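> From first to last, the protein sequence lines stand for chains C and E.
Just so we're aligned, residue 1179 is where the first sequence starts under this note's numbering, counting upward by one.
Just so we're aligned, residue 15 is where the second sequence starts under this note's numbering, counting upward by one.
Quick one: this structure, given as structure tokens, is what I'll be asking you about.
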Amino acid sequence: MAVAKRVPGTWSRLLAHPSFRLGLVLFALVALCGLLAAWLAPYDPLRNNFRARLVAPGEAHWLGTDRFGRDILSRTLYGAQVSLRIGLAVAGVTALVGGAVGALAGFARRLDGPLMRFMDALMAFPAVLLAIALAAALGPSEVNAILALSIAYVPRTARVMRAGVMVVREFPFVEGAQAIGASSTRVLLRHVLPNALAPLVVQQTYVFALAVLAEAVLSFLGVGPPPPTPTLGGIISEGRDYIQEAPWISIVPGIGIALTVLGLNLMGDGLRDALDPRLRDAVR
Amino acid sequence: MSALPVLLLVSLMSFAIVWIVPGDVASEMAGPTATAEELAQLRDRLGLNKPWPDQLLGWYSALAVGDLGQSILLRQGVGAAILERLPVTLSLTFLALAIALVLGTALGVLAAVRAGQGADRLAMGAALIGFSLPDFWLGLVLMYVLAVQLAWLPTGGFVPFSQDPLGWLRFMVLPAGTLALSQMGLFARMTRAAMLEVLCQDYVRTARAKGMPGWVVIGKHAFRNALIPVVTVAGIASGVLLGGAVVIEQVFSLPGVGRLIIGAIQRRDYPVIQGGLLLTATIFVLVNLAVDLLYAWLDPRIRHGRG
């Protein structure tokens, strides 16, 4: 009995992609560390221990301690949790808001001009600087960091969504739906949006990565979530004055950020190749 | 991007940053020790006791004559304070852009010519790591290794180019190199993709078929055409670098606009924040306008009106 050979689905294509696999492993590792911080951390990340100040990495403290004797490994694990939470929230908020703005701009020609000029203006500010200024003006807190970063990164998502919708809008099946009398809302929600989501998914993986990097900058400059919350950028900033005697304080959390961002970027590349056949065939 | 409406919106947004401050801007700026009289004076100076249309009118009529307002802390005009520090920031940004463009396109061409081979993987891996590292952290680590441990370079500080060009380079090479890294990675990827597309065009095959040496084909026919998308990205990169410079200046103690703005943010000097935001965004819009013109010059199809 002959069985038609199935075209491999998106998931199996993804898992066959070497950089996606590597990215998934890296990101899963960091995500698990963040999620299980409460179980994995050997010490309380906030507890001072003045008998163990600036201890070098060793048996008692695998990754050393800071000037208050706080365990760097424990602080980095909790910091990763905060970074991931903020990154995920920013990716979610920009997907909703940017996705809506982009879809409207791409679908309703009358709204395109005003909406996209507004996005262009937001994008004219360097994203990191805009996020710093907004976070400082709103006041340092986790929610305000999410808000500031979402405003700074929303134009990129809106642009990608708009471009995707504009391509799908011209397909014959959309014309067909319009011809049989489907309302604009129905055409947009049922026919255009589902077919324009792939680039959005890819983009949001990169936005997640950018948000983790930018959150570190906010915390480094003291406008992120306020102490005593351990943040990766905050730990790097605290270690700055001790870079000569205790370089591990600043070095360790930076590696955490780099692994998170590297994992996300690798996953983004894999998703791009798997979800966008045009790019896969053209570039690879 | 149509520059004029965008510039108008940018100036509106730069001003509006004071409106999102929860509570009273004046008492936040003046601190807890301020007397009622001082507060009233500050509100008066910032025009905060006027209704918002009047505040905006004041902002735009001052902008029209090039007045960005007065810094509260520096007791200096915001425009003058920024102009004084702009050369540091612009030279840092442009040096970083130059490093990123030269190394990034070289890496990208190498990767495209050796596509699928070890050199390609290595170059693309390096590019990916380049834009995955937090630049301020990398700056600290490089400073620790190259300046503190090996003492090859100064740990921070600045001399103007006009006074001592070599000394300027010694102070600038580490911050600019750090800043360049992420954009270098993006340029490398962009160049590789563009080169791969160009290399399978008919005119490249023709050039090879008529016996032109390989490096001439790559340099003259392929690279020039692959450069077009890269130039577009360079406009956007200039904005990213300008934002990154703000943080890098902080790490390397460079006396630029970035440190001015961060200082203003930490001490709630809102006129400086507004002016700094407006200025960086305006530079970005103008650079991208210039890129559009350069684009037309590079691509004759656009220069001669498509086709």
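We treat Cβ as the ideally placed atom computed from N, Cα and C, and that holds for glycine.
Source: prediction; values computed, not measured.
How big is the Cα-Cα spacing for G1359(C) and V1352(C)?
Translated into the one-based positions of the first sequence, residue 1359(C) becomes position 181. Translated into the one-based positions of the first sequence, residue 1352(C) becomes position 174. C-alpha separation (whole angstroms): 11 Å.
> Rounded to the nearest angstrom, what separates A1394(C) and V1430(C) at their Cα positions?
Translated into the one-based positions of the first sequence, residue 1394(C) becomes position 216. Translated into the one-based positions of the first sequence, residue 1430(C) becomes position 252. Roughly 13 Å between the two C-alpha positions.
> Could you tell me whether the Cβ of A1394(C) comes closer than 8 Å to any Cβ of chain E?
Indexing the first sequence from 1 puts residue 1394(C) at position 216. At least one chain E Cβ lies under 8 Å of A1394(C).
> Out of curiosity, what's the CA-to-CA distance linking R1287(C) and A1281(C)?
For this step, residue 1287(C) is matched to residue 109 along the first sequence. For this step, residue 1281(C) is matched to residue 103 along the first sequence. About 11 Å.
> Near V1461(C), which residues of its chain fall below 7 Å by C-beta distance, leaving aside the five closest residues on each side in sequence?
In the first sequence, residue 1461(C) corresponds to position 283, counting from 1. Model confidence at V1461(C) stands at a pLDDT of 39, short of 50, so the residue's coordinates are unreliable and nothing is read from them.
> Under 8 Å, Cβ to Cβ, is there at least one residue of chain C near A190(E)?
The residue you call residue 190(E) lines up with position 176 of the second sequence. Cβ-Cβ to chain C under 8 Å: no for A190(E).
> So, at 8 Å on beta carbons, what are the nonlocal neighbours of A1452(C) in its own chain, with the 5 sequence-adjacent residues on each side left out?
One-based indexing of the first sequence puts residue 1452(C) at position 274. Excluding positions up to five away in sequence, the list reads T1188, R1191, L1192, H1195, F1198 and R1458.
> With 7 Å as the limit, tell me which residues of the stretch 152-170 of chain E have their beta carbon closer than that to any beta carbon of chain C; keep them in chain order.
The stretch 152-170 of chain E vs chain C, Cβ under 7 Å: L154, V155, Y158 and V162.
> P1377(C) CB to nearest chain E CB: under 8 Å?
Here residue 1377(C) is taken as the residue at index 199 of the first sequence, counted from 1. Answer no: the Cβ-Cβ gap between P1377(C) and chain E never drops below 8 Å.
> Any beta-carbon of chain C closer than 8 Å to the one on I1(E)?
A query on residue 1(E) cannot be resolved here, the shown segment of chain E reaching from 15 to 321 and no further.
> Rounded to the nearest angstrom, what separates E1237(C) and E51(E) at their Cα positions?
To locate residue 1237(C), count along the first sequence from 1; it is residue 59. To locate residue 51(E), count along the second sequence from 1; it is residue 37. Going from the Cα of E1237(C) to the Cα of E51(E) covers about 60 Å.
> Quick one: what's got a C-beta closer than 8 Å to D1298(C)'s C-beta in the same chain, skipping five residues either side?
Position 120 of the first sequence holds residue 1298(C). Around D1298(C): P1333.
> Under 8 Å, Cβ to Cβ, is there at least one residue of chain C near T119(E)?
The residue labelled residue 119(E) in the question sits at position 105 within the second sequence. It does not: the Cβ of T119(E) has no partner Cβ on chain C nearer than 8 Å.
> How would you label V116(E), buried or exposed, when you count the other beta carbons within 10 angstroms and need 16 or more for buried?
Mapped onto the second sequence, residue 116(E) falls at position 102. Exposed is the call here.
> From the beta carbon of Q280(E), is the nearest beta carbon of chain C less than 8 Å away?
Within the second sequence, residue 280(E) is the residue found at index 266, counting from 1. Yes - at least one Cβ of chain C is within 8 Å of the one on Q280(E).
> Which residues of chain C have a Cβ atom closer than 7 Å to the Cβ of L23(E), listed in chain order?
Within the second sequence, the letter at position 9 stands for residue 23(E). Those are R1295, F1296 and A1299, listed as they occur along chain C.
> Give, in chain order, every residue of the stretch 288-300 of chain E whose Cβ lies closer than 7 Å to some Cβ of chain C.
Cβ contacts with chain C: L291, T294, A295, F298 and V299.
> Are the C-beta atoms of F266(E) and some chain C residue less than 8 Å apart?
On the second sequence, position 252 is the one that residue 266(E) refers to. Not an interface residue.
> So that I know if they touch, is there some Cβ in chain E lying closer than 8 Å to that of G1212(C)?
One-based indexing of the first sequence puts residue 1212(C) at position 34. Not closer than 8 Å to any Cβ of chain E, the Cβ of G1212(C) fails to qualify, so no.
> Can you list, in chain order, the stretches of the alpha helix (DSSP H) that have 4 or more residues and sit fully within the stretch 51-132 of chain E?
Whole alpha helix (DSSP H) segments, 4+ residues: 66-78 and 92-127.
> What is the rounded straight-line gap between the Cα of V244(E) and the Cα of A310(E)?
Here residue 244(E) refers to the residue found at position 230 of the second sequence. Here residue 310(E) refers to the residue found at position 296 of the second sequence. Roughly 14 Å separates the two Cα atoms.
> Determine, using beta carbons only, whether P1318(C) and P1404(C) come nearer to each other than 8 Å.
Position 140 of the first sequence, counting from 1, holds the residue named residue 1318(C). Position 226 of the first sequence, counting from 1, holds the residue named residue 1404(C). Going by C-beta atoms, P1318(C) is nearer than 8 Å to P1404(C).
> Who pairs with T1243(C) in a beta bridge, going by DSSP?
Within the first sequence, the letter at position 65 stands for residue 1243(C). The partner list for T1243(C) (beta bridge, DSSP) reads D1249(C).
> Should G144(E) go down as buried or exposed, given a rule of 16 or more other Cβ atoms within 10 Å for buried?
Translated into the one-based positions of the second sequence, residue 144(E) becomes position 130. Buried: at least 16 other Cβ atoms inside 10 Å.
> Just by C-beta distance, which residues in the stretch 30-62 of chain E are closer than 7 Å to chain C?
If the cut-off is 7 Å between Cβ atoms, the stretch 30-62 of chain E has I31, I34, V35 and P36 near chain C.
> Is the CB of A1302(C) under 8 Å away from at least one CB in chain E?
On the first sequence, residue 1302(C) is found 124 positions in, with the first residue counted as 1. At least one chain E Cβ lies under 8 Å of A1302(C).
> Say whether the stretch 173-190 of chain E touches the stretch 232-239 of chain E, bearing in mind that this needs 3 or more beta-carbon pairs closer than 8 Å, one atom from each stretch.
At 8 Å Cβ cutoff, the stretches do not touch.
> Could you tell me the boundaries of the alpha helix (DSSP H) in which A1238(C) lies?
By 1-based counting over the first sequence, the position of residue 1238(C) is 60. Note, A1238(C): premise wrong, no alpha helix (DSSP H); not H, not E.
> Does the structure place the stretch 51-63 of chain E close enough to the stretch 26-41 of chain E that three or more beta carbon pairs sit under 8 Å?
Contact holds: three or more Cβ-Cβ distances are below 8 Å.
> Since P269(E) contacts F172(E) with CB under 8 Å, what's their CB separation in whole angstroms?
On the second sequence, residue 269(E) is found 255 positions in, with the first residue counted as 1. On the second sequence, residue 172(E) is found 158 positions in, with the first residue counted as 1. Right, their Cβ atoms sit about 6 Å apart.
> Excluding the five sequence neighbours on either side, which residues of its own chain have a C-beta within less than 6 Å of the C-beta of M1301(C), listed in chain order?
On the first sequence, position 123 is the one that residue 1301(C) refers to. Closer than 6 Å at the Cβ level, and outside the excluded window around M1301(C), lie P1333.
> Please confirm whether A1258(C) and C1211(C) have their CB atoms less than 8 Å apart.
Along the first sequence, one-based indexing puts residue 1258(C) at 80. Along the first sequence, one-based indexing puts residue 1211(C) at 33. Yes, Cβ-Cβ distance for A1258(C) and C1211(C) is below 8 Å.
> Taking 8 Å as the CB-CB cut-off, is F1398(C) touching chain E?
Position 220 of the first sequence, counting from 1, holds the residue named residue 1398(C). It does; some Cβ of chain E falls within 8 Å.
> Decide if A304(E) is buried, meaning its Cβ has at least 16 other Cβ atoms within 10 Å, or exposed.
Counting from one through the second sequence, the residue named residue 304(E) turns up at place 290. Per the 10 Å Cβ criterion, exposed.
> May I ask you to report which of helix, strand or coil DSSP gives V173(E)?
The count along the second sequence starts at 1 and reaches residue 173(E) at position 159. If DSSP states are grouped into helix, strand and coil, V173(E) belongs with coil.
> For the alpha helix (DSSP H) containing F1398(C), name the first residue and the last one.
Within the first sequence, the letter at position 220 stands for residue 1398(C). Element bounds for F1398(C): L1375 to F1398.
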